[in-house]
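Just add 317 to the spot in the sequence shown (first one is 1) and you have our numbering.
For glycine and all other residues, C-beta sits at the position ideal for the given N, C-alpha and C.
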Amino acid sequence: MLARTWLAGKLERVAVGKERRTVEIKNLVSIIIPARNEQFLRKTIEDLLIKAEGEIEIIAVLDGYWPDPILQDPRVIYIHRGIARGMRAAINSAVAIAKGKYILKTDAHCMWGPGFDKILAADCQKDWVAVPTRKRLDAENWCIQEAGRPDIEYMFLSYPNDPKDFSGEGLNGKNWDQKNKDEELKKVKIDDLMSAQGSAWFMRKDYFHKLELMDESQYGKFWNEFQEIGLKCWLSGGRVIVDKNTWYAHLHKGKKYGRGYTLPEEWLKEGRNHTIKWLKFKKAWDKQTLPLSWLVEHFWPVPTWTQEGLDKLKATEK
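Printed below as a string of structure tokens:
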């Protein structure tokens, strides 16, 4: 399949859908933005260009639409798809042409802290996935929304027994309110992170390939993005961290702005059904070396998890 790519003012055609490795540029951060009907894509790109202090490239995947206007900058690449194919495919096609040593994925409605690129690159080790502190964005005024709530720096995976959860029973990411409000934890600048929202994450490009991301054939087009990333990382001996030395502010769209990607039940079901396979050792991924119970115990006690639930998980893993 071919997609149209706008590179430094020139429209080109590139192959997508198959892995394509490019020559890696040392210290370059490749910023990946999957975008579907995004109102604030241009603002996000402009913000990244202003805030970056090192060498970056931005690859925005226009999944079934054209933004207006296209930003003319030699650091910005657009991949255009006439028909939307989904977020996982968008991320993979961007990574396939990325030239950076590092990959930063961000949603198309985010503002960033100064020097985010250099900070993340300096802090992130070879088998780590890093997530910056998440603030809340007032997108229309392009500023941090002072909501009177703590920044989001910790999330957990819930015990999979709540049918009222969005998408149903599953290993769902939820804000860890107790930790987010803990003043002592704010002093810890790099800390273990059980899970994250998925709106931004950072890793080395070779680690992205080692984790075999993003697996659309198993997880579907969109749902449970960070469950795939975080569980593959943690349960193969890597580490997911929150990096509080930098931040980004993310827009919660809600009803006012609506979703870019729709979430049909089929997409939710695909992501949920494969993620739940992590309950059994090596059923979700053959490179798994640690059981899910290890992760739960690593962060114990975890909200919604009881000792009975943990014991049940251990019995299931055998």
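{"Item": "C-beta atoms of I593 and G487 nearer than 8 Å", "Value": "yes"}
{"Item": "Option in K452, I408, Y565 and P431 with minimal Cα separation from S347", "Value": "I408"}
{"Item": "Residues bridged to H567 (per DSSP)", "Value": "C427 and R453"}
{"Item": "Alpha-carbon to alpha-carbon, V378 and R398", "Value": "8 Å"}
{"Item": "Beta-carbon gap between L454 and I349 smaller than 8 Å", "Value": "no"}
{"Item": "Outcome for W323 when other beta-carbon atoms lying within 10 angstroms are tallied against a minimum of 16", "Value": "Because the pLDDT at W323 is just 49, under 50, the model does not fix this residue reliably, and the value given afterwards should be weighed accordingly. Classification for W323: buried."}
{"Item": "Residue from W493, N354 and G465 whose Cα sits closest to the Cα of A425", "Value": "N354"}
{"Item": "Residue range of the alpha helix (DSSP H) that includes V613", "Value": "L609 to H615"}
{"Item": "Where the beta strand (DSSP E) containing V393 begins and where it ends", "Value": "V393 to R398"}
{"Item": "Cβ neighbours of D390 in the same chain (closer than 7 Å, five flanking residues each side left out)", "Value": "L366"}
{"Item": "Runs of beta strand (DSSP E) wholly within the segment 512-598 (minimum 3 residues, chain order)", "Value": "517-521 and 556-567"}
{"Item": "Assigned exposure category for A401 - 16 Cβ within 10 Å defines buried", "Value": "buried"}
{"Item": "Residue of P467, Y565, L585 and E614 minimising C-alpha distance to D434", "Value": "Y565"}
{"Item": "Enclosing beta strand (DSSP E) for N492 [first to last residue]", "Value": "G490 to N492"}
{"Item": "Endpoints, the beta strand (DSSP E) within which S347 is located", "Value": "I342 to A352"}
{"Item": "Given D560 as reference, the closest of K416, I396, G381 and R451 once Cα atoms are compared", "Value": "R451"}
{"Item": "DSSP-derived helix/strand/coil call for I367", "Value": "helix"}
{"Item": "Neighbourhood of Q605 by C-beta distance below 7 Å, restricted to the same chain and skipping five residues each side", "Value": "L552, S553, F598 and K599"}
{"Item": "Whole runs of the alpha helix (DSSP H) within the segment 467-508, excluding any shorter than 4 residues", "Value": "494-497"}
{"Item": "Distance, L474 Cα to N541 Cα", "Value": "11 Å"}
{"Item": "Simplified DSSP state of V647, which is helix, strand or coil", "Value": "As displayed, the chain neither begins before 318 nor continues past 635, which places residue 647 out of reach and without an answer."}
{"Item": "Extent of the continuous alpha helix (DSSP H) to which L437 belongs", "Value": "F433 to D440"}
{"Item": "Cut-off 7 Å between Cβ atoms - residues of its own chain near G636, not counting five sequence neighbours on either side", "Value": "A query on residue 636 cannot be resolved here, the shown segment of the chain reaching from 318 to 635 and no further."}
{"Item": "N- and C-terminal bounds of the alpha helix (DSSP H) containing E625", "Value": "Q624 to E634"}
{"Item": "When W429, A406 and L630 are compared against E370, the one with the closest alpha-carbon", "Value": "W429"}
{"Item": "Reduced DSSP category for I387 - H, G, I as helix; E, B as strand; rest coil", "Value": "coil"}
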